[in-house]
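**Student:** Take 2 as the starting number for the sequence shown in this note's numbering and just add one per residue.
From the three backbone atoms N, C-alpha and C, an ideal C-beta is built for every residue, glycine too.
Note that the coordinates shown come from a computational prediction; the quantities given were computed from them, not determined experimentally.
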Amino acid sequence: MLNILALILGGFLGTIFRYGLSLWIPSAGAFPLSILLINWAGCLFLGWLFTVAGIRKLNPSVRIGAGTGFTGAFTTFSTFTVQTVDAIHTGHLALALAYLLASLIGGLLMAWVGVALGHKTCSSKAGKPV
Numbered sequence: 002m003l004n005i006l007a008l009i010l011g012g013f014l015g016t017i018f019r020y021g022l023s024l025w026i027p028s029a030g031a032f033p034l035s036i037l038l039i040n041w042a043g044c045l046f047l048g049w050l051f052t053v054a055g056i057r058k059l060n061p062s063v064r065i066g067a068g069t070g071f072t073g074a075f076t077t078f079s080t081f082t083v084q085t086v087d088a089i090h091t092g093h094l095a096l097a098l099a100y101l102l103a104s105l106i107g108g109l110l111m112a113w114v115g116v117a118l119g120h121k122t123c124s125s126k127a128g129k130p131v
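1) Identify the continuous alpha helix (DSSP H) that holds Leu22 and give its terminal residues.
2) Of the residues Ile17, Leu37, Ile26, which one's Cα is nearest the Cα of Ala103?
3) Kindly identify the DSSP beta-bridge partner or partners of Gly32.
4) In its own chain, which residues sit with a C-beta less than 8 Å from the C-beta of Leu109, not counting the 5 before and 5 after it?
5) Could you name the residues of the same chain whose beta carbon sits closer than 7 Å to that of Phe32, not counting the 5 residues immediately before and after it, in chain order?
6) Starting from Ala117 and walking both ways along the alpha helix (DSSP H), at which residues does that stretch end?
7) Give every residue of the same chain whose Cβ lies closer than 7 Å to the Cβ of Thr80, excluding the five residues on either side of it in the sequence, and list them in chain order.
8) Quick check: the Cα distance between Leu24 and Met111, rounded to an integer number of angstroms?
9) Give the secondary structure of Thr77 by DSSP, where H, G and I count as helix, E and B as strand, and everything else as coil.
10) When DSSP labels each residue in this structure, what does Asn40 get in the three-state scheme?
11) Less than 7 Å between C-beta atoms, sequence neighbours within five positions excluded: which residues of the same chain meet that for Gly66?
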């Protein structure tokens with residue numbers, strides 16, 4: 002039951018954060034900058050979280066709430082794909098390709114940085130209780 006509550010709370014918070022940031026991040030014309038930055042942040046966070054969770058043996062409810070709940074609701078693969086298809090259908094092929102490459106390459110880089118930060122976080126606190 003605790004896992005379900007963590008999932009609900011994480012999902013609620015992730016949705017609110019995504020919506021708020023999508024309103025706060027300035028528009029870049031037809032380029033979906035807000036979703037790109039949100040998805041990059043999610044890749045960074047999830048890389049960090051899963052690394053720290055594995056090393057620190059975090060409670061499963063924390064991993065489920067923060068990983069599946071929060072990050073799952075915060076990031077949005079479906080919006081990314083629909084925006085890419087829409088750009089193609091409206092004749093913005095270069096924009097679609099730029100968005101696709103930025104999402105894929107940037108997401109992988111951000112996840113890699115998140116993993117590196119997770120290792121650094123855990124190694125800098127070695128021996129200290131969590």
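**Tutor:** The structure says:
1) 3-25 is the span of the alpha helix (DSSP H), which, as asked, contains Leu22.
2) Leu37
3) The identity of residue 32 in the sequence shown is Phe, whereas the question assumes Gly. Partner(s): Ala29.
4) Cys44
5) Leu96, Tyr100
6) 94-125
7) Ile36
8) Leu24 and Met111 have their alpha carbons spaced roughly 22 Å apart.
9) coil
10) Looking at Asn40 - three-state DSSP - the assignment turns out to be helix.
11) Ala7, Leu8, Leu10, Gly11
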